[in-house]
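For the sequence shown, this note's numbering assigns the number 780 to the initial residue and increments by one for each residue that follows.
Read through the structure below, which is laid out as structure tokens, and then see the notes.
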Amino acid sequence: MSAGQSSTRYSALIDSMARPQDVRGLSLKGLHVTMAMRLCALFEASGRDPVPDLAQRYRSIEAACAVHGLVQTIKQVWPEPFLVNRPCCLAMTPDETTLAALARAAVSGKREAFSESIAGFVRADRHEALYNATIHAVALIP
């Protein structure tokens, strides 16, 4: 990719992030992943473990642990604090929009699209751990 193409690609990405996305446009799995991030942030702020609530929500302890594992992986590999909106908010943060794109790529099995979504943002050596955690979570979300 030439410098001009790269610049255009990043400009388009920044422009799209400036326009908040709406959670109502997400797939069900994308919505579950986004809401799980929001719930985990609320629980973390209150000092509570989110797994019991997630297990009740998904009717599966395994799914809850996988989603919580994804959240923990994101906290480790994301280059800055992951920003979320309140659970009642329809607008998504740029981080949530990126996460939804990652979930969409993982559900579709498009590994290259997954890496392209975070190229230049998340270090390349961290993509594999994030991809594996995302695949595991979306596979177990009902």
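Beta carbons: idealized from backbone N, C-alpha and C, even for Gly.
Residue range of the unbroken alpha helix (DSSP H) whose run includes N911
906-919
How close, in whole Å, do the beta carbons of A743 and V830 come, if the pair is a contact with beta carbons under 8 Å?
Lying before the first or after the last residue shown, residue 743 is absent from the chain, which here runs from 780 to 921.
Less than 6 Å between C-beta atoms, sequence neighbours within five positions excluded: which residues of the same chain meet that for A916?
A845, V846, L849
What are the start and end residues of the alpha helix (DSSP H) that includes C867?
Segment: none, C867 is in no alpha helix (DSSP H) and carries neither H nor E.
Tell me which residue opens and which closes the alpha helix (DSSP H) that A885 is part of.
873-887
V856 vs L919 beta-carbon contact at 7 Å:
no
Cutting at 6 Å between CB atoms, please list the residues of its own chain near F861, excluding the five before and the five after it.
I853, D874
Under 7 Å between the Cβ atoms of S896 and L881?
yes
Looking at the secondary structure, which residues open and close the alpha helix (DSSP H) in which E859 lies?
Counting along the chain, E859 falls outside any alpha helix (DSSP H), and DSSP gives it neither H nor E.
Rounded to the nearest angstrom, what separates D832 and R890 at their Cα positions?
30 Å
What are the partner residues of Q835, as DSSP defines its beta bridges?
Note: Q835 sits in no beta bridge, so no partner.
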